[in-house]
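Novice: In my numbering, the protein residues as written are 1 to 443.
See below:
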């Protein structure tokens with residue numbers, strides 16, 4: 001084993017779909033589906049098709065590889081392997097190599113999408129549950145890595161849940177374009193089938209539970225693969241975004257979130273105290289690889305006339321690895337979110353550490369409502385905030401010494417304005433609204 005996907009990354013169910021044995025079996029299915037369609041059109045009997053189907057079960061992937069080594073053509077090796085176990089003159093009749101390859105790939109994509117959409121739904125629902133669970137956990141918002149207005153952890157999880165739900169919507173939208181096969185011959189004209197071409201292709205796709213591509217050359221137009229890889233890249237980006245925020249919020253000086261750490265888990269080979277966010281880091285690292293596959297897939301869509309071979313070698317890697325790795329980090333993200341813990345004490349401590357400075361907008365808005373020009377109110381609060389920074393004092397202390405402020409407020413009123421829980425706007429209602437929407441989308 002030389003590739004980490006073989007021994008480190010990927011789920012068994014997804015790797016099974018994209019294994020070499022699975023690919024060969026699926027291509028045999030397509031050849032049998034073609035025979036069934038030809039039988040329906042009167043080319044051969046159902047008994048002959050059934051005999052080929054039964055005998056094809058005997059084909060070992062190793063034998064197909066042996067023939068390929070000799071003749072240096074994977075699909076003709078497959079055809080010869082079928083011919084070795086079944087004497088039938090109609091095998092591969094009217095088909096070109098990519099009729100078999102692209103249609104078999106469509107069955108892999110179909111089965112992969114089923115796995116991905118169930119996991120996307122699961123992650124979205126878990127994030128929505130966390131949003132409700134943490135709806136009232138008021139925390140320090142941060143922009144540019146600096147203290148900003150208060151928000152809630154429920155609001156953060158609702159935001160992430162909404163992104164995941166949109167990915168589910170996107171996946172439903174691209175399925176109709178993605179899950180298509182073809183049976184059109186060397187340049188897409190179905191010349192070998194003549195007027196039977198439409199019906200033969202339609203029947204092959206019916207047998208395989210696919211739709212025919214509306215038009216193709218020797219291969220299905222690769223814009224559909226580009227769209228799929230773009231989807232995986234987009235999904236991976238959301239997963240990395242969430243994981244990155246988990247990592248930031250687990251930093252020792254922040255300490256608000258914590259990945260689940262197993263009883264016997266080791267964080268460092270030399271520092272026994274370490275509790276590293278390794279799952280989130282794994283997600284971030286592999287998301288970069290998933291995104292990277294979008295570019296070679298786009299290049300694979302740019303081909304000479306009816307087709308050249310430059311896409312073939314790249315697509316043996318792009319579709320397989322991007323799908324397996326996207327499924328891997330999606331599975332890992334579900335695990336991380338299920339086990340995530342919030343340190344409420346640190347959340348509160350980080351809020352209070354700001355000494356009210358992050359609440360300057362609340363006072364500015366209240367001052368404007370009292371009749372002060374908004375820009376003047378901004379300057380008053382800016383100067384008070386800078387004094388608090390310089391004196392290492394609280395914003396309240398500086399405001400109480402500011403005559404411009406105290407002509408409008410009492411100490412009690414300022415204290416209420418500086419409470420984070422009093423300046424959440426529609427955050428709590430927004431969480432509930434988003435969670436309801438996410439649940440409807442993911443039903």
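Here a beta-carbon is modelled for each residue, glycine too, at the ideal position from N, C-alpha and C.
I'd like the span of the alpha helix (DSSP H) that includes residue 285, first residue to last.
Specialist: It spans 278-292 - the alpha helix (DSSP H) in which residue 285 sits, taken as one unbroken run.
Novice: Could you pull out every residue in the same chain whose Cβ sits closer than 6 Å to the Cβ of residue 266, ignoring the five residues on either side in sequence?
Specialist: Around residue 266: no qualifying Cβ.
Novice: Might you give, ordered along the chain, the residues of its own chain that have their beta carbon closer than 7 Å to the beta carbon of residue 18, omitting 5 neighbours on each side?
Specialist: Here the set comprises 108, 320, 323 and 324.
Novice: Quick check on the burial criterion: 16 or more other C-beta atoms within 10 angstroms. Buried or exposed for residue 13?
Specialist: Exposed is the call here.
Novice: Would the region 281-295 count as touching the region 228-240 if we require 3 or more Cβ pairs under 8 Å?
Specialist: Touching, yes, given that three or more Cβ pairs across the two stretches are closer than 8 Å.
Novice: Would residue 48 pass as a contact of residue 187 if the rule is Cβ separation under 8 Å?
Specialist: No; because the gap between Cβ atoms is not below 8 Å, this pair is not in contact.
Novice: For residue 247 and residue 155, I'd like the C-alpha separation in whole angstroms.
Specialist: When rounded, the distance between both Cα atoms is 18 Å.
Novice: State the Cα-Cα distance for the pair residue 145 and residue 167, rounded to the nearest angstrom.
Specialist: Each residue's Cα considered, the two are about 27 Å apart.
Novice: Taking just the CA atoms, how far does residue 269 sit from residue 433?
Specialist: If I take the Cα positions, the gap works out to 46 Å.
Novice: Would you kindly report the start and end of the unbroken beta strand (DSSP E) that includes residue 142?
Specialist: Here the beta strand (DSSP E) through residue 142 covers 138-143.
Novice: If the criterion is Cβ atoms closer than 8 Å, does the pair residue 255 and residue 358 meet it?
Specialist: It is not a contact, given that the beta carbons lie outside the stated cut-off.
Novice: Decide yes or no for the touch test of the region 118-134 against the region 47-62: beta carbon pairs closer than 8 Å, at least 3 of them.
Specialist: The region 118-134 vs the region 47-62: no contact.
Novice: Could you give the DSSP three-state label for residue 258: helix, strand or coil?
Specialist: Strand at residue 258.
Novice: Near residue 163, which residues of its chain fall below 7 Å by C-beta distance, leaving aside the five closest residues on each side in sequence?
Specialist: Once the five neighbours on either side are set aside, the close Cβ partners of residue 163 are 238.
Novice: Is the CB-CB distance between residue 73 and residue 31 below 8 Å?
Specialist: It is not a contact, given that the beta carbons lie outside the stated cut-off.
Novice: Any idea what DSSP makes of residue 30, helix, strand or coil?
Specialist: If DSSP states are grouped into helix, strand and coil, residue 30 belongs with the helices.
Novice: Around the C-beta of residue 309, are 16 or more other C-beta atoms found within 10 angstroms, so that it is buried, or is it exposed?
Specialist: Residue 309 should be labelled exposed.
Novice: Using CA coordinates, which residue listed in 245, 36 and 220 is at the minimum distance from residue 337?
Specialist: The candidate whose alpha carbon is nearest that of residue 337 is 245.
Novice: If you follow the alpha helix (DSSP H) that residue 375 is part of, which residue opens it and which one closes it?
Specialist: First-last of the alpha helix (DSSP H) with residue 375: 374-391.
Novice: Taking the Cβ atom as the reference point for each residue, do residue 117 and residue 171 lie within a distance shorter than 8 Å?
Specialist: Yes, the Cβ-Cβ distance between residue 117 and residue 171 is below 8 Å.
Novice: Just to confirm, is the Cβ distance from residue 259 to residue 277 under 8 Å?
Specialist: Result yes, Cβ atoms of residue 259 and residue 277 sit closer than 8 Å.
Novice: Under the assumption that residue 342 contacts residue 153 (Cβ atoms under 8 Å), give the Cβ distance between them as a whole number of angstroms.
Specialist: 6 Å between Cβ atoms; contact.
Novice: Nearest-angstrom Cα distance between residue 388 and residue 137?
Specialist: Rounded to the nearest angstrom, the two C-alpha atoms are 27 Å apart.
Novice: Compare the C-alpha of residue 11 against each of 403, 327 and 264 and name the closest.
Specialist: Closest by alpha carbon: 327.
Novice: Using three-state DSSP, classify residue 146 as helix, strand or coil.
Specialist: Reduced to three states, the DSSP call for residue 146 is strand.
Novice: Pull up the distance between the alpha-carbon of residue 66 and that of residue 257, whole angstroms please.
Specialist: Between residue 66 and residue 257, the C-alpha separation is close to 54 Å.
Novice: Along the chain, where does the alpha helix (DSSP H) containing residue 108 start, and where does it finish?
Specialist: First-last of the alpha helix (DSSP H) with residue 108: 97-133.
Novice: Span of the alpha helix (DSSP H) holding residue 422?
Specialist: That residue, residue 422, is in no alpha helix (DSSP H); it is neither H nor E in DSSP.
Novice: Given a cut-off of 8 Å on the beta-carbon distance, is the pair residue 210 and residue 423 in contact?
Specialist: Going by C-beta atoms, residue 210 is not nearer than 8 Å to residue 423.
Novice: Using a Cβ-Cβ distance cut-off of 8 Å, determine whether residue 294 contacts chain D.
Specialist: Absent from the structure: chain D. Only one protein chain is present.
Novice: Would residue 464 and residue 185 be called neighbours here (beta carbons separated by less than 8 Å)?
Specialist: The chain is shown only over 1 to 443; residue 464 falls outside these bounds and no answer can be derived.
Novice: One question on the structure: do residue 395 and residue 384 come within less than 8 Å of each other, judged by their Cβ atoms?
Specialist: Result yes, Cβ atoms of residue 395 and residue 384 sit closer than 8 Å.
Novice: Can you list, in chain order, the residues of its chain whose CB lies under 6 Å from that of residue 100, leaving out five sequence neighbours each side?
Specialist: Cβ neighbours of residue 100 beyond the five flanking positions: 27, 30 and 75.
Novice: Would you identify the three-state DSSP class for residue 296, choosing helix, strand or coil?
Specialist: Residue state, collapsed to three classes: helix.
Novice: Could you please give me the residues that DSSP links to residue 180 through a beta bridge?
Specialist: Answer is 211, bridged to residue 180.
Novice: Can you tell me the Cα-Cα spacing of residue 356 and residue 8, whole angstroms?
Specialist: Roughly 48 Å separates the two Cα atoms.
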